[in-house]
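Peer 1: Residue numbers (the numbering used here): 5 to 106. Note that the Cβ used here is the ideal one computed from N, Cα and C, for glycine as well. Could you have a look at this structure, given as C-alpha cells, before my questions?
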Amino acid sequence: MSSISAETIWIASAVFITAVLFELYVRAKNIRKKQLQKPHSKRINKAFAYFRSHPDEKLTNDAWQRVTKVSDATATRDLIYLVEVGALKKKGSGRGIYYSRN
5 MSSISAETIW IASAVFITAV LFELYVRAKN IRKKQLQKPH SKRINKAFAY FRSHPDEKLT
65 NDAWQRVTKV SDATATRDLI YLVEVGALKK KGSGRGIYYS RN
C-alpha cells in the first residue's frame, strides 16, 4: 500500500483551490460585463419619450448621446442592444446610420 505524502496533499489542495477561485473570478467578471452591456431602462424610456415627441428628428448615435447624456461608446452599446431585442431597426450604413422604431 503506497502512502501519499502530506506535501503532495497540500500541493494538490492548493492547485484545486486556485482553480476554483479562478473560475469564480471569471464568472463574476462575465456577470459584471453582461450587466454593463444592458442599458439602463430609465435612460431608454427618456430617449423614447423624446423621440416620440420629436418625430421629425432622426434617431442617430449623436442624437442618442445628446438626449441621454452618455458617451459615444455607451450610445453605441444602447443602440446595438435595442436593435438586437427588436425595439429599433437599423437603416443606412457608415456615417449615415440611423434608427427607426419597429
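Can you have a look at Y29 and say buried or exposed, based on whether 16 or more other CB atoms are within 10 angstroms of its CB?
Peer 2: Mapped onto the sequence shown, residue 29 falls at position 25. By the neighbour-count rule (16 or more Cβ atoms within 10 Å), Y29 is not buried but exposed.
Peer 1: I want to know whether the segment 15-29 touches the segment 55-65 - three or more CB-CB distances under 8 Å.
Peer 2: Result no; under three Cβ-Cβ pairs closer than 8 Å.
Peer 1: Leaving aside the five residues before and after L92 along the sequence, list all residues of the same chain whose C-beta is less than 8 Å from its C-beta, in chain order.
Peer 2: For the purposes of this step, residue 92 is taken as the residue at position 88 of the sequence shown. Once the five neighbours on either side are set aside, the close Cβ partners of L92 are L63, L83, L86, Y103, S104, R105, N106.
Peer 1: Which full runs of the alpha helix (DSSP H) of 4+ residues lie inside the segment 36-102, going along the chain?
Peer 2: Segments of the alpha helix (DSSP H) lying fully in the segment 36-102: 45-57, 65-72, 76-88.
Peer 1: Using the Cβ count rule (16 or more neighbours within 10 Å means buried), how would you classify A51?
Peer 2: By 1-based counting over the sequence shown, the position of residue 51 is 47. Flag for A51 reads buried.
Peer 1: Should V89 go down as buried or exposed, given a rule of 16 or more other Cβ atoms within 10 Å for buried?
Peer 2: For this step, residue 89 is matched to residue 85 along the sequence shown. V89 should be labelled exposed.
Peer 1: Looking at Y54 and V74, is the spacing between their C-beta atoms short of 8 Å?
Peer 2: As a working mapping, residue 74 is identified with position 70 in the sequence shown. As a working mapping, residue 54 is identified with position 50 in the sequence shown. Their beta carbons are not under 8 Å apart, which means V74 does not touch Y54 by this criterion.
Peer 1: Suppose you measure from the CA of K95 to the CA of I101; what does that come to, to the nearest Å?
Peer 2: Indexing the sequence shown from 1 puts residue 95 at position 91. Indexing the sequence shown from 1 puts residue 101 at position 97. Each residue's Cα considered, the two are about 6 Å apart.
Peer 1: Buried or exposed: W14, going by 16 or more other Cβ atoms within 10 Å of its Cβ?
Peer 2: On the sequence shown, position 10 is the one that residue 14 refers to. So W14 ends up on the exposed side.
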